[in-house]
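Mapping of the sequence shown onto this note's numbering: position 149 corresponds to residue 157, and the numbering continues sequentially without gaps.
All C-beta atoms in this analysis are idealised placements derived from N, C-alpha and C, irrespective of residue type, glycine included.
These notes concern the structure reproduced below.
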Amino acid sequence: MPVQSLGYIRIAAEDVDAWNRFAVDFLGLEAVKGDTSEYSYFRIDDHPHRLVVIPSAQSSVEAIGFQVSGPEEMDLMVAAVEATGTKVTVLDQSACRDRRVTAAVTFDDPGGNPVELFWGVALAHRPVNTPKVSSFVTGDQGMGHVVLTVADGQAAYRFYTETLGFRPRNTMRLPAAPAADGTPQFETLWFLGCNPRHHTVGLLPMAGPGRLIHFMLEAATLDDVGRAWDRAEKMELPIMQTLGRHTNDHMVSFYVIGPGGFVVEVGYDGLRVTEEVPVYEITEGEFWGHKFINFPTL
Ligand SMILES: [Fe+2]
9 MPVQSLGYIR
19 IAAEDVDAWN
29 RFAVDFLGLE
39 AVKGDTSEYS
49 YFRIDDHPHR
59 LVVIPSAQSS
69 VEAIGFQVSG
79 PEEMDLMVAA
89 VEATGTKVTV
99 LDQSACRDRR
109 VTAAVTFDDP
119 GGNPVELFWG
129 VALAHRPVNT
139 PKVSSFVTGD
149 QGMGHVVLTV
159 ADGQAAYRFY
169 TETLGFRPRN
179 TMRLPAAPAA
189 DGTPQFETLW
199 FLGCNPRHHT
209 VGLLPMAGPG
219 RLIHFMLEAA
229 TLDDVGRAWD
239 RAEKMELPIM
249 QTLGRHTNDH
259 MVSFYVIGPG
269 GFVVEVGYDG
279 LRVTEEVPVY
289 EITEGEFWGH
299 KFINFPTL
């Protein structure tokens, strides 16, 4: 059985206070206590926390955590990852306690992005308290999605599909530097799913070490997105892309640049894939909107 969903994201941040304000006052997440007093933990549903912010001298992504269903699936997945020549490290008890999971492993994807697999999350049963957001769309669709850069798009595509079990949902061609004889070239941006969420991972070929382009959180209503837009304006947060609707997952969303240059997509109305359709190419990113007005400095 493949990866089931995006479980959590752990971010190393230079300015944890800025993240606390961004996560609570803008994104509307619930700040909760965790095992490590210096870390910030945020809930959006019955998982103990979905976002963890860790003080650091340099902003980076510490982990992109994917949930697998149980110990047997974990063993199979670890064997498959190791068979690609990738070094897998088992997380120790204190690291698992901090994540409130039974077991977890870590490795780098072919682009160098830090991935974790875990099973046995300890659920929080007290209702989540997110007064700024009616509710977040999670459940079988997981926390949301991530878009990652990978130097070798083909290698990353094979790893996520053949090894981790993601399914290709759609592609988009992006112009690349022309060949020596002037022939136009393109890169393929892949969108991959592992559950009814249209895509859980996007793979953007780009030279250099892998990095997180953005992560997306989905709220339940248009009003949630509209109110988030109002809060962004009031807090004078830099908007990367204005409101728009994507052509692949039909998400109505906007993109904001958070602390450390991390971009978050705030969306609603994402497509729920109930029946696999053949892989298709999109020729535009959006039906309307999503105008770029700022670019992150990473
Ligand atoms: Fe997105």
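Asked	Found
Return yes when the C-beta of Glu273 is under 6 angstroms from any heavy atom of ligand 1, and no when it is not.	yes
Reducing DSSP to helix, strand and coil, say where Asn178 ends up.	strand
Is Gly119 closer than 7 angstroms to Met224 when the C-beta atoms are compared?	no
Please state whether the Cβ-Cβ distance between Val129 and His55 is less than 7 angstroms.	yes
Within 10 angstroms of its Cβ, does Asp301 collect 16 or more other Cβ (buried), or is it exposed?	The identity of residue 301 in the sequence shown is Ile, whereas the question assumes Asp. Exposed.
Within the present structure, is the beta-carbon of Met85 separated from the nearest heavy atom of ligand 1 by less than 6 angstroms?	no
Which residues does DSSP list as the beta-bridge partners of Tyr16?	Gly73
How far does the alpha helix (DSSP H) with Gly216 in it extend, from its first residue to its last?	Here Gly216 belongs to no alpha helix (DSSP H), and DSSP marks it neither H nor E.
Where does the unbroken alpha helix (DSSP H) through Ser102 begin, and where does it stop?	101 to 107
Three-state secondary structure (DSSP) at Gly234?	helix
Leaving out five residues before and five after Phe174 in sequence, what residues of the same chain have Cβ atoms less than 8 angstroms from its Cβ?	Pro10, Val11, Tyr168, Leu200, Gly201, Cys202, Thr208, Val209
So is the beta-carbon of Met214 under 6 angstroms away from any non-hydrogen atom of ligand 1?	no
Whole angstroms are fine: how far does the CA of Gln66 sit from the CA of Ala159?	22 angstroms
What separation, rounded to the nearest whole angstrom, lies between the Cα atoms of Lys242 and Arg235?	10 angstroms
In or out: Asn121 buried (at least 16 other Cβ within 10 Å) or exposed?	buried
Whole angstroms is fine: what's the gap from Gly297's alpha carbon to Met214's?	25 angstroms
What distance in whole Å lies between the Cβ atoms of Phe126 and Thr97, which are believed to be in contact at a cut-off of 8 angstroms?	At roughly 13 angstroms, the Cβ-Cβ gap does not stay under 8 angstroms, so Thr97 and Phe126 are not in contact.
Taking C-alpha atoms, which residue in Val32, Val69, Val86, Ser68 lies nearest to Val76?	Val86
Who pairs with Tyr49 in a beta bridge, going by DSSP?	Val40, Val60
Can you round the beta-carbon distance between Pro176 and Val24 to whole angstroms, since I take them to be within the 8 angstroms contact cut?	Not a contact, Cβ separation roughly 37 angstroms.
So, under 8 angstroms CB-CB, Phe74 and Val123 are touching, yes? Tell me the CB distance rounded to an integer number of Å.	7 angstroms
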